[in-house]
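Using the numbering used here, you'd call the opening residue of the sequence shown number 10 and step up by one each time. Remarks on the structure that follows.
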Amino acid sequence: MRFKAQTSKYHDRFLVSYLHDITFNTPIFAINYNYNGREGVLYVKQENAGITGQVNDRIALYWLKRFKTTISANCLPQYFQGDEFMKCSLDALLDRLSRDNEINALDSFLLKDRLRQYSESEWEDIMEEVHCSMTFQEAYHQLLFQGIQVDAFVSSRVNDGMLAAAKKYFGAKSQNIKLGYITNELVSSFVNIAADLYQEIGNCEITKIISFFRTQLGLNIGPVSASNILGSIKMQTTQLQGSVFLTTLVDRQDDAWISQLVGDRCDTYHMPDLVFAGYSVIPATESAVSLL
Numbered sequence: 010m011r012f013k014a015q016t017s018k019y020h021d022r023f024l025v026s027y028l029h030d031i032t033f034n035t036p037i038f039a040i041n042y043n044y045n046g047r048e049g050v051l052y053v054k055q056e057n058a059g060i061t062g063q064v065n066d067r068i069a070l071y072w073l074k075r076f077k078t079t080i081s082a083n084c085l086p087q088y089f090q091g092d093e094f095m096k097c098s099l100d101a102l103l104d105r106l107s108r109d110n111e112i113n114a115l116d117s118f119l120l121k122d123r124l125r126q127y128s129e130s131e132w133e134d135i136m137e138e139v140h141c142s143m144t145f146q147e148a149y150h151q152l153l154f155q156g157i158q159v160d161a162f163v164s165s166r167v168n169d170g171m172l173a174a175a176k177k178y179f180g181a182k183s184q185n186i187k188l189g190y191i192t193n194e195l196v197s198s199f200v201n202i203a204a205d206l207y208q209e210i211g212n213c214e215i216t217k218i219i220s221f222f223r224t225q226l227g228l229n230i231g232p233v234s235a236s237n238i239l240g241s242i243k244m245q246t247t248q249l250q251g252s253v254f255l256t257t258l259v260d261r262q263d264d265a266w267i268s269q270l271v272g273d274r275c276d277t278y279h280m281p282d283l284v285f286a287g288y289s290v291i292p293a294t295e296s297a298v299s300l301l
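In structure tokens, the structure reads:
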């Protein structure tokens, strides 16, 4: 079954610059902190503008600039519906491939996987190209526009596509830009959310970071993003003092739930070694608009 959203009313507005503004155009947060008595600033790139709350926003637009039809699972959990709406609103045609007798999302996803035209390795290459041409180009020029040169980028091994893209993009800019990899076991343990998560994270360092972003910035982030930030701060204060560090917020489906779980109880998480002193926002600039 083919489905297309009624977007004719807004069709004239769907230009590259407009699509970029509503899908990307994300800010960079300059976070001021004090860690073990050492002050520093960490630059944190927001991955997406929050249309669906998924990192796939960038990938969807990249894909739709090249194809008009995408395969979509028919039985979708509620939190995926926003993603489907966004694709249709960008004037995409969705081929619904699920059978009428399928009653759960798993069957839909399995059928979609059997019909896809790209292997895992090819998909990783696509991810790399998306982040190279969009995420890092945007972030690099945002900072450059402010007269700031990136010295190091830090990310988690959970997001291999981003790491490969960072190596390719920043390597072409300068061989002096360092890449840091977060290998904290804490990251892997939170990919699948456990029922007793609250007890697990109650005494972790990352809870203070999650709470700070929720209360001060109004952003729901999860353990992966918090680990990126914590790892960047530790590297910046111990290995490359005075260097300009950049990291990203990795959007995951369960981040909102985790953030709400941690809630506003920042005072209950005793972590005197890390103090956030404030933040400023670096907006996206015209020079940072990706060439799609």
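Glycine included, every Cβ here is placed at the ideal spot set by N, Cα and C.
Using only alpha-carbon positions, find the residue among I186, L152 and L153 that is nearest to F162. Position 153 of the sequence shown, counting from 1, holds the residue named residue 162. If you compare the alpha carbons of I186, L152 and L153 with that of F162, the shortest gap goes to I186.
In the DSSP assignment, what are the bridge partners of T257? By 1-based counting over the sequence shown, the position of residue 257 is 248. Beta-bridge analysis with DSSP links T257 to K54.
Compute the distance between the beta-carbons of G189 and M244, then report whether it is under 8 Å. The sequence position of residue 189 within the sequence shown is 180, counting from 1. The sequence position of residue 244 within the sequence shown is 235, counting from 1. Taking 8 Å as the Cβ cut-off, G189 and M244 qualify as a contacting pair.
Compute the beta-carbon to beta-carbon distance between Y52 and V290, rounded to the nearest angstrom, for a pair I have assumed lies under 8 Å. On the sequence shown, residue 52 is found 43 positions in, with the first residue counted as 1. On the sequence shown, residue 290 is found 281 positions in, with the first residue counted as 1. By a beta-carbon distance limit of 8 Å, Y52 does not contact V290. Their separation comes to about 11 Å.
Whether or not the region 225-238 and the region 37-54 are in contact is what I'm after, with contact meaning three or more pairs of Cβ atoms, one per stretch, closer than 8 Å; do they touch? Yes: the two stretches touch, three or more of their Cβ pairs being nearer than 8 Å.
Grab me the residues of M171's own chain with a C-beta within less than 6 Å of its C-beta, minus the 5 sequence neighbours each way, in chain order. As a position in the sequence shown, residue 171 is number 162, starting the count at 1. By the criterion of a C-beta distance shorter than 6 Å, M171 is surrounded in its chain by H140 and S164, once the five residues flanking it on both sides are discounted.
Grab me the residues of A174's own chain with a C-beta within less than 8 Å of its C-beta, minus the 5 sequence neighbours each way, in chain order. By 1-based counting over the sequence shown, the position of residue 174 is 165. Within the same chain, M136, E137, E138, V139, H140, C141, T144 and F145 come within 8 Å of A174 by CB-CB distance, once the 5 residues on both sides are set aside.
At which residues does the alpha helix (DSSP H) containing G240 begin and terminate? Reading the sequence shown from its first residue, position 231 is the one you call residue 240. For G240, the enclosing alpha helix (DSSP H) begins and ends at P232 to T247.
Return the first residue and the last residue of the beta strand (DSSP E) that L283 is part of. For this step, residue 283 is matched to residue 274 along the sequence shown. Under the DSSP assignment, L283 falls in the beta strand (DSSP E) whose first and last residues are L283 to I291.
Reduced DSSP secondary structure (H/G/I, E/B, other) of S164: Along the sequence shown, read from residue 1 onward, the residue named residue 164 stands at position 155. DSSP places S164 in the strand class (E or B) of the three-state scheme.
Which residues in the same chain have their Cβ closer than 8 Å to the Cβ of I157, if we skip the five residues on either side of it in sequence? Here the question's residue 157 lines up with position 148 in the sequence shown. The beta carbon of I157 is closer than 8 Å to those of Y52 and V253 in its chain, skipping five residues each way along the sequence.
Rounded to whole angstroms, what's the CA-CA distance from L153 to D282? Just pull it up for me. The residue given as residue 153 occupies position 144 in the sequence shown. The residue given as residue 282 occupies position 273 in the sequence shown. Approximately 31 Å, taken between the alpha carbons.
Where the alpha helix (DSSP H) through F5 begins and ends: Past the edges of the chain, shown from 10 to 301, lies residue 5, and the structure says nothing about it.
Classification of P292 by the beta-carbon crowding that lies within 10 angstroms, buried from 16 upward: The residue you call residue 292 lines up with position 283 of the sequence shown. So P292 counts as exposed.
Which of helix, strand or coil does DSSP assign to I37? As a position in the sequence shown, residue 37 is number 28, starting the count at 1. Strand at I37.
Sub-8 Å separation of I230 and L258 beta-carbons: Against the sequence shown, residue 230 aligns to sequence position 221. Against the sequence shown, residue 258 aligns to sequence position 249. Yes; because the gap between Cβ atoms is below 8 Å, this pair is in contact.
Coarse secondary structure for G49, derived from DSSP in three states: Within the sequence shown, the letter at position 40 stands for residue 49. In the three-state scheme derived from DSSP, where H, G and I count as helix and E and B as strand, G49 is classed as strand.
Using the three-state DSSP reduction, which class does G189 fall into: helix, strand or coil? Walking along the sequence shown from the start, residue 189 turns up at place 180. In this structure, G189 counts as strand in the three-state DSSP scheme.
Rank F221, L249 and S234 by C-alpha distance to the C-alpha of V284 and give the top, closest one. Your numbering for residue 284 matches position 275 in the sequence shown. When each option's Cα is compared against that of V284, the closest is F221.
How close, in whole Å, do the beta carbons of A286 and N43 come, if the pair is a contact with beta carbons under 8 Å? For the purposes of this step, residue 286 is taken as the residue at position 277 of the sequence shown. For the purposes of this step, residue 43 is taken as the residue at position 34 of the sequence shown. Between N43 and A286 the Cβ distance is about 6 Å, and since that is below 8 Å, they are a contact.
One question on the structure: do L255 and A148 come within less than 8 Å of each other, judged by their Cβ atoms? By one-based count along the sequence shown, residue 255 stands at place 246. By one-based count along the sequence shown, residue 148 stands at place 139. Their beta carbons are under 8 Å apart, which means L255 touches A148 by this criterion.
Please report the Cβ distance between I215 and S241, rounded to the nearest whole angstrom; I am assuming they are in contact, meaning their Cβ atoms lie under 8 Å. Within the sequence shown, residue 215 is the residue found at index 206, counting from 1. Within the sequence shown, residue 241 is the residue found at index 232, counting from 1. I215 to S241, Cβ: 12 Å. No contact.
Quick one: Cα of G251 to Cα of R47, how far? Position 242 of the sequence shown, counted from the first residue, corresponds to residue 251. Position 38 of the sequence shown, counted from the first residue, corresponds to residue 47. Distance between the alpha carbons of G251 and R47: 10 Å.
Would G247 pass as a contact of G49 if the rule is Cβ separation under 8 Å? Position 238 of the sequence shown, counted from the start, is the residue given in the question as residue 247. Position 40 of the sequence shown, counted from the start, is the residue given in the question as residue 49. At residue 247 the sequence reads Thr, which differs from the Gly that was named. No; because the gap between Cβ atoms is not below 8 Å, this pair is not in contact.
To the nearest angstrom, how far is the alpha carbon of Q234 from that of F179? The residue labelled residue 234 in the question sits at position 225 within the sequence shown. The residue labelled residue 179 in the question sits at position 170 within the sequence shown. This sequence places Ser at residue 234; Gln is not what is there. When the Cα atoms are used, S234 and F179 turn out to be separated by approximately 20 Å.
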